[in-house]
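Let me begin by presenting the structure, written as structure tokens, before commenting on it.
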Amino acid sequence: MWIWSSRVEEILVVPSISFQRPEPPNEPIESDDDDVWDVPNDGLNDLSSGEAGLENVPCVDTGTPRRSTRCNLGTIPKRRESLSPFSPRFATSSTSLDLINSNVSSSSVLLSRAVSQPVKPVDTSHLDSPPKPRVVENWPMVNHEFGQVTAVSINREGNPVIFHRGRRVWSAESFNETNHFQQIMDGPIEDSTILTLSAKTGEVIDESGGGIFYMPHGMTIDRNGNMWLTDVALHQAFKFMPNHDYPSITIGRRFEPGSSRNHLCKPTATAVATTGEVFIADGYCNSRILKFNAAGRLIRTIPQPPEFLSLQVPHGLTLLEHLDLICIADRENMRVVCPKAGLKSSFGEGTQAATIQEPDLGHVYDVAAYGDLVYAVNGPTADMIPVRGFTIDPRSETIIDHWGKFENPHSIAFCPNGSAMYVTEIGPNKVWKFELV
Numbered sequence: 001m002w003i004w005s006s007r008v009e010e011i012l013v014v015p016s017i018s019f020q021r022p023e024p025p026n027e028p029i030e031s032d033d034d035d036v037w038d039v040p041n042d043g044l045n046d047l048s049s050g051e052a053g054l055e056n057v058p059c060v061d062t063g064t065p066r067r068s069t070r071c072n073l074g075t076i077p078k079r080r081e082s083l084s085p086f087s088p089r090f091a092t093s094s095t096s097l098d099l100i101n102s103n104v105s106s107s108s109v110l111l112s113r114a115v116s117q118p119v120k121p122v123d124t125s126h127l128d129s130p131p132k133p134r135v136v137e138n139w140p141m142v143n144h145e146f147g148q149v150t151a152v153s154i155n156r157e158g159n160p161v162i163f164h165r166g167r168r169v170w171s172a173e174s175f176n177e178t179n180h181f182q183q184i185m186d187g188p189i190e191d192s193t194i195l196t197l198s199a200k201t202g203e204v205i206d207e208s209g210g211g212i213f214y215m216p217h218g219m220t221i222d223r224n225g226n227m228w229l230t231d232v233a234l235h236q237a238f239k240f241m242p243n244h245d246y247p248s249i250t251i252g253r254r255f256e257p258g259s260s261r262n263h264l265c266k267p268t269a270t271a272v273a274t275t276g277e278v279f280i281a282d283g284y285c286n287s288r289i290l291k292f293n294a295a296g297r298l299i300r301t302i303p304q305p306p307e308f309l310s311l312q313v314p315h316g317l318t319l320l321e322h323l324d325l326i327c328i329a330d331r332e333n334m335r336v337v338c339p340k341a342g343l344k345s346s347f348g349e350g351t352q353a354a355t356i357q358e359p360d361l362g363h364v365y366d367v368a369a370y371g372d373l374v375y376a377v378n379g380p381t382a383d384m385i386p387v388r389g390f391t392i393d394p395r396s397e398t399i400i401d402h403w404g405k406f407e408n409p410h411s412i413a414f415c416p417n418g419s420a421m422y423v424t425e426i427g428p429n430k431v432w433k434f435e436l437v
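So for the sequence shown, UniProt numbering puts the first residue at 1; every next one is plus one.
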């Protein structure tokens, strides 16, 4: 499909999505479709659904300890097949997953429970000073042996869900100079990579995601309960619907780094608007943000003319929908930039982005919205720059507070009602809980 875009004054080739209901697992479909998103009909409609999110989800523990079964995806068959059905009735059968251009056979991979994000943002306009994060002492109450904890998000019950690498470590030998993953023969991480922790005690109350991921990185749980995950080794981003065992959307080509519309290269993060629009930070190689509409069509790349915004490793994303901003942790440029998100209209896209760049900011690893504010964490940069958290006002483009003390933070997330905040680190491998005072 050819669509003329007057904004960028060029012809854009926009891939269309073919909506075909998957066949039973013993009758795979051959397909040469080169779409960006592999979307079965079952997994599309909820993207733009009108489900209301939970505005005041309490951060309390409601679960009891339980464990789910790991999965071993096995070897990659040579034949290219389509996505298998995502209905729970096929969860225990041997099925094939089309991850854009190659497949894996799978037993059950039980991923997210129903989760939610708030529709209405926390109101901070009446506050004289920004809420200050304060560490919750003696949390977690149990000792854990996590791998590198790369991401955290919050589920419907208000419990933090983390994405970690188990026994796998990203080292100098993990990728070659062309960004191809060098440890494919080691297979996927067998440890459960997705852990749900009790908000009250920090105990692991659910675990899943073993035998599918190779190098976990980003996680977002949207307001409809969908879990969005990125894997830098696979060069892919995935969407898992609540109570579904297989991804309803796969973006990028398995183990194939690239810069085309059909490829990702070490994608780092995602952000999902209440409109169903999805932003993907792509990432370590391409240094761009891809914006898709609710139907799965690529509608914007950030930056693009006339935007004079050069990103260098966009590492984290957060949306301030009421301000129509998508804020980016522009890691290697040592700044936070907030261009227009264009959620209600394309007017303003391409205008100068709000930019927060001060000498003590350092390499920014992640950002999280709280009302009109953005909270951020930096990583090791230089001896004279402390590793800590920042409170940012994107409207005045200033840092208005500092908090915390870390070694190597990687991700930050707020409980939907703003009652708690979580920060993860990848060395030491731990999760911090903060209350806002």
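The C-beta atom is built at its ideal place from N, Cα and C for all residues, glycine as well.
What you are looking at is a predicted structure, and each value in this text was computed from that prediction instead of being measured.
Please go through the same chain and pick out, in chain order, the residues whose beta-carbon is closer than 7 Å to the beta-carbon of residue i, but skip the five residues on each side of it.
i, result
"Leu234", "Tyr214, Arg254 and Phe255"
"Thr220", "Ser153, Trp228, Thr270, Ala271 and Val272"
"Pro380", "Val387 and Asn408"
"Thr318", "Ala271, Cys327, Val367, Ala368, Ala369 and Val374"
Label residue i either buried or exposed according to how many other C-beta atoms from any shown protein chain fall within 10 Å of its C-beta, with 16 as the threshold for buried.
i, result
"Asn176", "exposed"
"His322", "exposed"
"Leu110", "In this predicted model, Leu110 has a pLDDT of only 37, less than 50, meaning its place in the structure is not dependable enough to derive any value."
"Gln236", "buried"
"Asn286", "buried"
"Pro359", "exposed"
"Pro306", "exposed"
"Arg134", "exposed"
"Thr150", "buried"
"Lys433", "buried"
"Ser198", "buried"
"Ser106", "Note that Ser106 scores a pLDDT of 34, beneath 50, so its modelled location is shaky and nothing firm can be said."
"Lys266", "buried"
"Gln182", "exposed"
"Gly202", "buried"
"Thr75", "Here Thr75 scores only 32 on pLDDT, less than 50, and its place in the model is too uncertain to base an answer on."
"Glu425", "buried"
"residue 445", "The shown model of the chain, from 1 to 437, leaves out residue 445, and the question about it has no answer."
"Arg395", "exposed"
"Gly427", "exposed"
"His180", "exposed"
"Met334", "buried"
To the nearest angstrom, how far is it from the Cα of residue i to the Cα of residue j?
i, j, result
"Pro247", "Ile326", "25 Å"
"Asn293", "Val278", "7 Å"
"Pro188", "Ile412", "26 Å"
"Asn143", "Lys291", "39 Å"
"Ile289", "Glu173", "27 Å"
"Arg165", "Asp191", "8 Å"
"Val336", "Lys239", "26 Å"
"Ser346", "Lys340", "9 Å"
"residue 490", "Glu157", "Because the chain in this structure spans residues 1 to 437, residue 490 falls outside the shown range and cannot be described."
"Leu311", "Arg388", "22 Å"
"Val367", "Lys405", "16 Å"
"Trp403", "Asp206", "31 Å"
"Ile249", "Asp383", "42 Å"
"Ile299", "Trp139", "43 Å"
"Ser210", "Gly342", "Looking at the sequence itself, residue 210 is Gly, so the reference to Ser does not match. Approximately 37 Å, taken between the alpha carbons."
"Gly147", "Ile302", "32 Å"
"Tyr422", "Leu195", "14 Å"
"Ile162", "Asp222", "15 Å"
"His244", "Ser129", "42 Å"
"Gly362", "Val377", "9 Å"
"Val313", "Ile280", "12 Å"
"Glu145", "Gly283", "28 Å"
"residue 498", "His410", "Because the chain spans 1 through 437 in this model, residue 498 falls outside it and cannot be assessed."
Near residue i, what residues of its chain come up, given a Cβ to Cβ distance below 6 Å and the 5 sequence neighbours on each side ignored?
i, result
"Arg168", "Ile189"
"His315", "Thr268, Ala329, Arg331 and Tyr365"
"Val136", "Lys433 and Glu435"
"Ala353", "Leu309, Val337, Cys338 and Pro339"
"Ile399", "Glu358, Phe390 and Ile392"
"Asn226", "Lys239 and Met241"
"Leu320", "Ala369"
What does DSSP give as the partner residue(s) for residue i in the beta ladder?
i, result
"Gly389", "Val377 and Trp403"
"Pro160", "Ile154"
"Cys338", "Ala354"
"Ala382", "Beta-bridge pairing links Ala382 to no other residue."
"Trp432", "Val423"
"Ile412", "Val423"
"Arg253", "Glu256"
Counting only the same chain and skipping the five closest in sequence on each side, list residues whose C-beta sits under 8 Å from that of residue i.
i, result
"Gly418", "Val122, Pro131, Tyr370, Gly371 and Leu436"
"Asp324", "Lys340, Ala341, Gly342, Leu343, Lys344 and Gly348"
"Glu397", "Ala354, Thr355 and Ile356"
Is residue i a contact residue of the ligand ZN, with contact defined as CB to any heavy atom under 6 Å?
i, result
"Trp139", "With respect to small molecules bound, the structure shown includes none, and the ligand ZN cannot be examined in it."
Item to check | Length at least 3, wholly inside the region 267-335: the beta strand (DSSP E) runs in chain order | outcome: 267-272, 278-282, 288-292, 298-302, 314-320 and 325-330
Item to check | Secondary structure, beta strand (DSSP E): runs of 3+ residues fully inside the region 221-247 | outcome: 227-231 and 236-240
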